[in-house]
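Shown next, in structure tokens, is the structure this report addresses.
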Amino acid sequence: MKLCVLGSGSTGNALLLETEDGALLVDCGLLWRDLKVRAERAGFSLRAIRAVYLSHEHADHVRGLDALARRGAKIIASPGTLSALGIKGIPLEPGLEILGMRLFPIPLSHDAREPTGLRLELDGIRIGIVTDLGQVTPLVLEKLRGCEILIFEANHDLEMLLSGPYPWPLKLRILGPLGHLANEEAGQALRSLRDWAKTVFLAHLSQENNTPALALETVARSMDDWQGHLFLTYPDRPSAVVCGG
Ligand SMILES: [Zn+2]
Ligand SMILES: [Zn+2]
Numbered sequence: 010m011k012l013c014v015l016g017s018g019s020t021g022n023a024l025l026l027e028t029e030d031g032a033l034l035v036d037c038g039l040l041w042r043d044l045k046v047r048a049e050r051a052g053f054s055l056r057a058i059r060a061v062y063l064s065h066e067h068a069d070h071v072r073g074l075d076a077l078a079r080r081g082a083k084i085i086a087s088p089g090t091l092s093a094l095g096i097k098g099i100p101l102e103p104g105l106e107i108l109g110m111r112l113f114p115i116p117l118s119h120d121a122r123e124p125t126g127l128r129l130e131l132d133g134i135r136i137g138i139v140t141d142l143g144q145v146t147p148l149v150l151e152k153l154r155g156c157e158i159l160i161f162e163a164n165h166d167l168e169m170l171l172s173g174p175y176p177w178p179l180k181l182r183i184l185g186p187l188g189h190l191a192n193e194e195a196g197q198a199l200r201s202l203r204d205w206a207k208t209v210f211l212a213h214l215s216q217e218n219n220t221p222a223l224a225l226e227t228v229a230r231s232m233d234d235w236q237g238h239l240f241l242t243y244p245d246r247p248s249a250v251v252c253g254g
């Protein structure tokens with residue numbers, strides 16, 4: 010398998026995961042032309058995409074969906090997300106099998122109808138993907154146990170958010186239990202997962218209330234003497250590509 014985060018953040022989220030049987034796109038917040046350019050740059054082909062999983066209905070996760078649906082990709086999401094979008098698709102049940110993988114939903118605390126993260130199991134590799142969550146619940150940690158590869162939200166630096174330009178109602182939404190995760194919260198959660206995690210991508214960084222250096226530094230400090238690989242993801246270009254299996 011081969012994995013790359015093609016884009017991450019409030020301007021558009023998409024992660025491409027290729028197996029021998031085809032590719033799964035996790036979230037589709039980029040328009041087709043951007044998806045195509047970035048996928049090719051990262052060494053992937055969009056022709057391989059057989060299915061799209063949607064974490065929730067916010068525009069930065071579904072903006073490019075029409076183009077993929079037109080090309081025949083199956084759409085997978087929680088029943089609540091499918092109904093919020095008004096589309097038919099495959100409701101994500103625990104253990105759903107597709108492209109040689111098993112998919113498990115991870116219920117997330119976020120201001121959408123039924124947002125879910127994803128645990129993927131294939132060829133003995135376990136991958137956990139959680140962005141857009143206001144708090145790390147015990148259930149989230151339980152579902153991520155054993156994952157070797159993690160894509161984890163590190164949205165904002167608390168001080169930057171508090172002293173930054175956003176209006177108060179928006180600051181409160183981001184800080185609240187249905188908002189987004191701070192670097193510190195990501196660091197604490199990842200620390201408790203570090204016995205399994207070998208590769209971690211920090212995702213959904215705010216361009217106004219965070220810097221890549223702060224996110225990396227905060228999480229790395231929390232992970233202490235962890236020996237794995239820590240990568241960033243970007244709003245405007247693909248991340249590093251990880252291969253395995
Ligand atoms: Zn988002
Ligand atoms: Zn969201």
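Plus 9 on top of the position in the sequence shown (first one is 1) and you've got the working numbering.
Heads up, the beta-carbon is just placed ideally off N, CA and C, and yes, glycines get one too.
Checklist entry - Thinking C-beta only, is residue 142 closer than 9 Å to residue 114? => result Along the sequence shown, one-based indexing puts residue 114 at 105. Along the sequence shown, one-based indexing puts residue 142 at 133. No, Cβ-Cβ distance for residue 114 and residue 142 is not below 9 Å.
Checklist entry - Taking buried to mean at least 16 other C-beta atoms within 10 Å of its own C-beta, is residue 213 buried or exposed? => result Here residue 213 refers to the residue found at position 204 of the sequence shown. The residue in question, residue 213, is buried, as its Cβ has 16 or more Cβ neighbours within 10 Å.
Next on the checklist: So within the stretch 142 to 206, which uninterrupted beta strand (DSSP E) runs reach at least 3 residues, ignoring any that extend past its ends?
Outcome noted: 158 to 162
Checklist entry - Using DSSP with H/G/I as helix, E/B as strand and the rest coil, what is residue 232? => result If you number the sequence shown from 1, residue 232 lands on position 223. DSSP places residue 232 in helix when its eight states are reduced to three.
Next on the checklist: I'd like to know if the stretch 31 to 51 and the stretch 91 to 106 are in contact, where contact means that at least 3 CB-CB pairs between them fall below 8 Å.
Outcome noted: no
Item to check | Span separating the alpha-carbon of residue 136 from that of residue 233 | outcome: Locating residue 136 in the sequence shown gives position 127, counting from the first residue. Locating residue 233 in the sequence shown gives position 224, counting from the first residue. The straight-line gap from Cα to Cα measures roughly 22 Å.
Checklist entry - If we ignore side chains and look at the alpha-carbon of each, how far apart do residue 205 and residue 81 end up? => result For the purposes of this step, residue 205 is taken as the residue at position 196 of the sequence shown. For the purposes of this step, residue 81 is taken as the residue at position 72 of the sequence shown. Computed Cα separation, rounded: 36 Å.
Checklist entry - How about residue 120: is its Cβ closer than 8 Å to a heavy atom in ligand 2? => result As a working note, residue 120 is residue 111 in the sequence shown. Residue 120: yes, Cβ under 8 Å from ligand 2.
Checklist entry - Taking 8 Å as the cut-off, is the CB of residue 81 close to at least one heavy atom of ligand 1? => result If you number the sequence shown from 1, residue 81 lands on position 72. False, no ligand heavy atom lies under 8 Å from that Cβ.
Next on the checklist: I'd like the list of long-range same chain contacts for residue 17, defined as Cβ closer than 6 Å, with 5 residues on each side in sequence excluded.
Outcome noted: In the sequence shown, the residue the question calls residue 17 occupies position 8. If we look at residue 17 and ignore the five residues flanking it on each side, its Cβ neighbours are 212, 213 and 242.
Checklist entry - By a C-beta neighbour count over all protein chains shown, 10 Å radius and 16 as the cutoff for buried, is residue 52 buried or exposed? => result Taking the first residue of the sequence shown as position 1, residue 52 is located at position 43. Exposed is the call here.
Checklist entry - Looking only at C-alpha atoms, which of 32, 175, 229 and 252 sits nearest to residue 163? => result Against the sequence shown, residue 163 aligns to sequence position 154. Closest option to residue 163, Cα to Cα, is 229.
Item to check | Element boundaries [beta strand (DSSP E), containing residue 116] | outcome: Looking up residue 116 in the sequence shown gives position 107. First-last of the beta strand (DSSP E) with residue 116: 110 to 116.
Item to check | Cβ shell of residue 104 (< 6 Å), same chain only, five flanking positions each side left out | outcome: Counting from one through the sequence shown, the residue named residue 104 turns up at place 95. Within the same chain, residue 104 has close Cβ partners 111.
Checklist entry - From the DSSP output, which residues share a beta bridge with residue 137? => result In the sequence shown, residue 137 corresponds to position 128, counting from 1. Paired residues: 128 and 159.
Next on the checklist: Measuring straight from C-alpha to C-alpha, what distance separates residue 159 and residue 126?
Outcome noted: As a working note, residue 159 is residue 150 in the sequence shown. As a working note, residue 126 is residue 117 in the sequence shown. Approximately 11 Å between the Cα atoms of the pair.
Item to check | Proximity below 9 Å, CB of residue 19 to CB of residue 244 | outcome: Here the question's residue 19 lines up with position 10 in the sequence shown. Here the question's residue 244 lines up with position 235 in the sequence shown. Result yes, Cβ atoms of residue 19 and residue 244 sit closer than 9 Å.
Item to check | Proximity to residue 155 [Cα-Cα], best of 58, 247, 226 and 128 | outcome: Here residue 155 corresponds to residue number 146 of the sequence shown, with the count starting at 1. Ranking the options by Cα distance to residue 155, first place goes to 128.
Next on the checklist: Any residue with its C-beta under 5 Å from a non-hydrogen atom of ligand 2 counts. Can you list them all in chain order?
Outcome noted: 67 and 141
Checklist entry - Cβ atoms of residue 39 and residue 23: under 9 Å apart, would you say? => result One-based indexing of the sequence shown puts residue 23 at position 14. One-based indexing of the sequence shown puts residue 39 at position 30. Yes, these two residues count as a Cβ contact at 9 Å.
Checklist entry - CA-CA distance, residue 59 and residue 249? => result Numbered from its first residue, the sequence shown carries residue 59 at position 50. Numbered from its first residue, the sequence shown carries residue 249 at position 240. Those two C-alpha atoms are separated by around 22 Å.
Next on the checklist: Between which residues of its own chain and residue 86 is the CB-CB distance below 7 Å, once the five residues before and five after are set aside?
Outcome noted: Along the sequence shown, one-based indexing puts residue 86 at 77. The answer, listed in chain order, is 62, 63, 98 and 101.
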